[in-house]
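**Student:**
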Amino acid sequence: MTDNENLSIHIKSVHELIENGYSKRTITRWQRQEKIIKLAPGQYIKKSVWDELFPVQKHLARVIAYSRTLHNPVFTHYSAAVALSCALLSAPHNVQVRGCGGAKRAGVVYRQDDSSVISSTITLRYGRDSLTVVDPITALIGCARDAPIREGLVIVESAFQRLGARLSYSRLHKALSEVKRVRGARKARYIADIMSPLSESPAETLARLAFLDLGFNPVQQYEIPTHRGVYRVDAALVKERLVLEIDGALKYQSGQDVLDEKVREDAIRLEGWDFVRFTWEDVLHPARVERKLRRKGII
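For the sequence shown, my numbering gives the first residue as 33, with consecutive numbering after it.
Structure below.
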């Protein structure tokens, strides 16, 4: 699997392919046979590499390709979020570039900031390529306004994990709270009200949103003292003494991991706590979260 930092080397221009000894006729034939994928005018990637990429990586590949063909593009909204390594539940096909709102060209949508925040730009390096994107707060405001609540919240909360000290919770909260009189303003303000810097994965974000929609506000990263020491859990309903654990795919990969988790859970249960576990499929379908809580008698 190609990582984001090395993605750039797999994107080749027509000129590079010709320099490597391939004729224009060969390049055209490969494209017709779908052996290479056209990312942007004159920019290609091998289909074998393309097929191994996650959807967000495919969008990043298009962003890198268009950074080479457009004149001084500034990427915004989802494209900026992807370049900033934020998580997305789904990625758009077209790259999003700052410009006259609504204008389009093949593979590109131009977007305005539409924000009271004065935006700036930053430059990111991906291999030999430099990507200019709007600053994180401007990018996140655009995503929060555009996306459905769950998608917007995943992007915003993942930004806290990916950007760390480069993203101030208080500054982002203030900026989102002040979005008014534009499309999506209510969504942006709602995300400001509920966002948390403590969600460690998109699954935790989706689970917490499901809990909030059901009227619960669990304590995240809660620490429980036991006879074996203090254990931290993903979230807890403290009054109900219920641990809420989000089991990501392949979270425990070895026999020792499974044993350690059993020891941990047994120690916590001895302190009077119960457990309910949620999978990725559960949090994608909030009704499943509700059913599991009902079985525990919480609802």
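Quick reminder that beta carbons are idealized off the backbone N, C-alpha and C, glycines included.
No experiment lies behind these values; they were computed from the predicted model shown.
#1: Within a Cβ cutoff of 7 Å, which residues of the same chain sit near L195, ignoring the five residues on either side of it in sequence?
#2: Am I right that L100 and Q75 are in contact with their C-beta atoms under 8 Å? What's the rounded C-beta distance?
#3: Going straight from the alpha carbon of N38 to that of V251, what length do you get?
#4: By how many angstroms is the C-alpha of R177 removed from the C-alpha of L208?
#5: I43 to F192, Cα distance in whole Å?
#6: Does the distance from the C-beta atom of L172 to that of L238 stay below 8 Å?
#7: Got a sec, what are the start and stop residues for the alpha helix (DSSP H) E272 sits in?
#8: Leaving out five residues before and five after I278 in sequence, what residues of the same chain have Cβ atoms less than 6 Å from its Cβ?
#9: Between R182, D292 and I68, which has its C-alpha nearest P318's C-alpha?
#10: Where S45 and Q253 are concerned, what is the direct C-alpha to C-alpha distance, given to the nearest angstrom?
#11: Counting only runs of 3+ residues fully inside the stretch 65 to 146, write out the beta strand (DSSP E) ranges in chain order.
#12: For the structure I just gave you, are there three or more beta carbon pairs, one from the stretch 196 to 207 and one from the stretch 124 to 139, closer than 8 Å?
#13: Y54 bridges to which residues according to DSSP?
#14: Contact defined as beta carbons within less than 8 Å: I believe L334 pairs with L325. What is the distance between those atoms, to the nearest angstrom?
#15: Classify V211 as helix, strand or coil using the three-state DSSP reduction.
#16: A93 and I187: beta carbons closer than 8 Å?
#17: Here's a check: name, in chain order, each residue in its chain whose Cβ is nearer than 7 Å to the Cβ of H109, leaving out the five neighbours to either side.
#18: Quick check on the burial criterion: 16 or more other C-beta atoms within 10 angstroms. Buried or exposed for S190?
**Tutor:** Put simply:
#1: L116 and P168
#2: Here the sequence assigns Arg to residue 100, which means Leu is not the residue at that position. Yes, R100 and Q75 are in contact; Cβ-Cβ is about 6 Å, under 8 Å.
#3: 38 Å
#4: 9 Å
#5: 29 Å
#6: no
#7: Unbroken run through E272: none, as it is neither H nor E.
#8: A235, E236, A239, D266 and F310
#9: R182
#10: 47 Å
#11: 68 to 72, 75 to 78, 127 to 130 and 140 to 143
#12: no
#13: For Y54, which the question treats as bridged, DSSP gives no partner whatsoever.
#14: Here the chain has residues from 33 to 331 only, and residue 334 is not among them.
#15: coil
#16: no
#17: Q128, R143, A171, G174, C175 and D178
#18: buried
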